[in-house]
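The structure under discussion appears below in the form of C-alpha cells.
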Amino acid sequence: MGKLLQEFADAGPAGGAFYDGPGGVAAREHRLPLITCDKRAERTYRALGVADELLVRTA
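Here the sequence shown stands for residues 15 to 73, where the numbers follow this note's numbering.
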C-alpha cells in the first residue's frame, strides 16, 4: 500500500483525480486497457502509465 501511495504522490493527482488512480493501477497491473468515458481522467492515467481507451459517443 505504501508503494502505491508513493506512486500516486509522485504522479501528482489531486482532488477528484486521485480517485481515478486505483482503477487505473488495477488495470495496469493486470495488463489490461482501462476503458473510460471520462476524458478528464486521461491525464491521471497517463501519469500512472495506464493504457486507456476513451469511449466517445457518436450520433
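Backbone N, C-alpha and C define an ideal beta-carbon position, used for all residues, glycine too.
C-alpha distance - residue i paired with residue j, whole-angstrom precision
| i | j | result |
| --- | --- | --- |
| C51 | L68 | 6 Å |
| A28 | A65 | 20 Å |
| T72 | F22 | 33 Å |
Assumed close pair residue i, residue j - CB separation to whole angstroms, cut-off 8 Å
| i | j | result |
| --- | --- | --- |
| L48 | G37 | 7 Å |
| R42 | G63 | 6 Å |
| A40 | A55 | Going by Cβ atoms, the distance from A40 to A55 rounds to 14 Å, so no, they are not a contact pair. |
Beta-bridge partners of residue i, as assigned by DSSP
| i | result |
| --- | --- |
| L48 | D66 |
7 Å Cβ cutoff met for residue i and residue j
| i | j | result |
| --- | --- | --- |
| D34 | T58 | yes |
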